[in-house]
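Colleague: The following block contains the structure, expressed as structure tokens.
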Amino acid sequence: MKKIKLTMIAACAALLISSLFISTALAEIAIIANPASGASELDAKTAKKLFLGKTKSVPGMDSVTLVSQIEASSTTAEFTQKITKKTLSQYKSYWSRMIFSGKAMPPKELANDAEVKAYVAGHTDAVGYVDASAVDSSVKVLLRTP
């Protein structure tokens, strides 16, 4: 009887832990802009080029200030994987090379979704990314990734 209870407890614990990983893996990322900006939407290819410094423009916007989140943010890990198709270490290494060569400067880094959303809401030229669950009427979504 004790063995069955321990087995059930272990199975429940494993199920709980695995559900935490599944919910993280299913997080959506939203690339956002200020509602007053002229931007309407981005495709994944343009978003990748934008956040890798290969393009500096967004259709409908005269200038763009990119904002991202610090490396420790779970949103950043999701973003780099889904948008840039790089691991976090590859993304960091990529930007180190770009800075060293003088080809581009990385996006401005903020601490979390709330800071990125507040910055984008306050700057008409800003484009950033947040967990899609953080989106509200203070920003508009240019691209949402599954």
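Sequence positions in the sequence shown follow our numbering and run 1 to 146. All C-beta atoms in this analysis are idealised placements derived from N, C-alpha and C, irrespective of residue type, glycine included.
Can you confirm whether the stretch 110 to 117 touches the stretch 68 to 79 when touching is taken to mean that 3 or more C-beta pairs between the two stretches lie within less than 8 Å?
Modeller: The stretch 68 to 79, when compared against the stretch 110 to 117, does touch it at the 8 Å Cβ threshold.
Colleague: May I have the straight-line CA-CA distance separating residue 36 from residue 119, to the nearest angstrom?
Modeller: Straight-line Cα distance between these residues: approximately 13 Å.
Colleague: How far does the alpha helix (DSSP H) with residue 131 in it reach, from first residue to last?
Modeller: Taken as a continuous stretch (DSSP letters only), residue 131 belongs to no alpha helix (DSSP H), being part of the beta strand (DSSP E) at 126 to 131.
Colleague: Counting along the chain, where does the alpha helix (DSSP H) carrying residue 168 start and finish?
Modeller: Examination of residue 168 is not possible in this model, given that the chain is present from 1 through 146 alone.
Colleague: Give the secondary structure of residue 89 by DSSP, where H, G and I count as helix, E and B as strand, and everything else as coil.
Modeller: Correct three-state label for residue 89: helix.
Colleague: Can at least three beta-carbon pairs, one atom from the stretch 29 to 46 and one from the stretch 86 to 100, be found at a separation below 8 Å?
Modeller: The answer is no - the stretch 86 to 100 does not touch the stretch 29 to 46, with fewer than three Cβ pairs under 8 Å.
Colleague: Using only the alpha-carbon positions, how far apart do residue 32 and residue 135 sit?
Modeller: Taking the straight line from one Cα to the other gives about 8 Å.
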